[in-house]
Amino acid sequence: MEENERELLEFLQRIESDYPGLLIVVEGNRDEDILRDLGVQSEIIKTQAGRPRPELIDHIADEAQSERPILILTDFDREGREMARFIELELEIRKIQTLRRVRRRIRDLMSNLRCIEELVSLLKRRDFPGRPYL
């Protein structure tokens, strides 16, 4: 396992202790499943849950209540970046901050991976600690 991959997994596995009450926004079910497989237990909101965008923003804002740290972990492809920007701007209007630096750090550590669901490739590796997948 490469150093950045190991660092990424460690970062994701300790993120909840670094940010108590963390609320994570992902695109879909597979993204949530991967994070759960990595041991993330935080509340996760999916952008592809069938809600119109205004309802999605209302839901995130209601859950955040201006107090909880929010990590927007949509994919790092064009569509995911656009969704992240939209959510960030809408939440900023409501005076709710997001963990932009954390998102950038995860993006940097993901290196050539662009989608959150691609993290499954790390879980399948022989040298993954605990290796839940065979």
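Here the sequence shown stands for residues 22 to 155, numbered as in the working numbering. Ideal placement from N, C-alpha and C gives every residue a C-beta, glycine not left out. Model, not experiment: these values are computed from the prediction.
Buried or exposed: residue i, going by 16 or more other Cβ atoms within 10 Å of its Cβ?
| i | result |
| --- | --- |
| Leu-155 | A caution first: Leu-155 carries a pLDDT of 41, below 50, which makes its placement in the model unreliable, though a value can still be read off. By the 10 Å Cβ count, Leu-155 comes out exposed. |
| Pro-41 | exposed |
| Ile-65 | buried |
| Ile-114 | exposed |
| Glu-26 | buried |
Would you list the residues sitting across from residue i in a DSSP beta bridge?
| i | result |
| --- | --- |
| Leu-33 | Answer is none; Leu-33 lacks a bridge partner. |
| Val-18 | The question about residue 18 has no answer, for the chain in this structure spans 22 to 155. |
Is residue j closer than 7 Å to residue i when the C-beta atoms are compared?
| i | j | result |
| --- | --- | --- |
| Thr-161 | Glu-103 | No statement about residue 161 is possible, as the shown extent of the chain runs from 22 to 155 and does not include it. |
| Ile-55 | Leu-143 | no |
| Ala-82 | Ile-117 | yes |
| Ile-91 | Leu-44 | yes |
| Ile-78 | Glu-111 | yes |
Measure from the alpha carbon of residue i to the alpha carbon of each residue in the options, then state which is nearest.
| i | options | result |
| --- | --- | --- |
| Ala-70 | Asp-52, Glu-113, Ala-85 and Ile-36 | Asp-52 |
| Phe-107 | Arg-89, Val-123 and Pro-75 | Pro-75 |
| Ile-36 | Lys-67, Ile-137 and Val-123 | Val-123 |
| Ser-38 | Glu-88, Val-61 and Glu-24 | Val-61 |
| Glu-24 | Ser-132, Ile-137 and Glu-138 | Ser-132 |
Examine the Cβ distances between the region 89-97 and the region 39-49 and report whether three or more of them are shorter than 8 Å.
yes
Could you tell me whether the region 71-88 touches the region 25-39, using the rule of 3 or more Cβ pairs below 8 Å?
no
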